[in-house]
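This report refers to the structure that appears directly beneath it.
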Amino acid sequence: MNSKHSSVNEVRDDILVAIAEVRTVARSEHDEQRNSTADWLDGQFIDVTDARTLRAAASNALTLYAGMGSFADVGTAASAHAVDQLADALRHARTLGI
């Protein structure tokens, strides 16, 4: 595997880990909306293998997820941390070079 794919895979995996953290916190806080959003986000990234698709998925996720206020609407430190990690991972992916 070349380094470009490794980089894409690493960034995608960082996003998937962040999504999993959001899901875990959402379940512990009984937040069905955020849990459903985590499921949707998983579907956007699970099969991504190239930088262009990763950037597009990240941009779409940031637009839709942030547009719903999900990055600002947190009630606990745990959910704030999980959401911040996800936002950072998505922003990184959106700027990933080719």
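Numbering (our numbering), first residue to last: 1 to 98.
From the three backbone atoms N, C-alpha and C, an ideal C-beta is built for every residue, glycine too.
- Task: With a floor of 4 residues, list each alpha helix (DSSP H) that falls wholly inside the region 22–97, ordered by position along the chain.
- Result: Counting only runs of 4+ residues, the alpha helix (DSSP H) found wholly inside the region 22–97 occupies 32–45, 51–67 and 77–94, in chain order.
- Query: Is R52 near the ligand COA, judged by its Cβ being under 7 Å from some heavy atom?
  - Reply: This structure does not include the ligand COA; it has no bound ligands of any sort.
- Item | Neighbourhood of V22 by C-beta, 6 Å cutoff - its chain only, sequence neighbours within 5 removed | A38, A82 and L86
- Could you round the C-beta distance between I19 and L41 to whole angstroms and report it? I think they count as a contact, below 8 Å. Contact between I19 and L41 holds, since their C-beta atoms are separated by about 5 Å, short of 8 Å.
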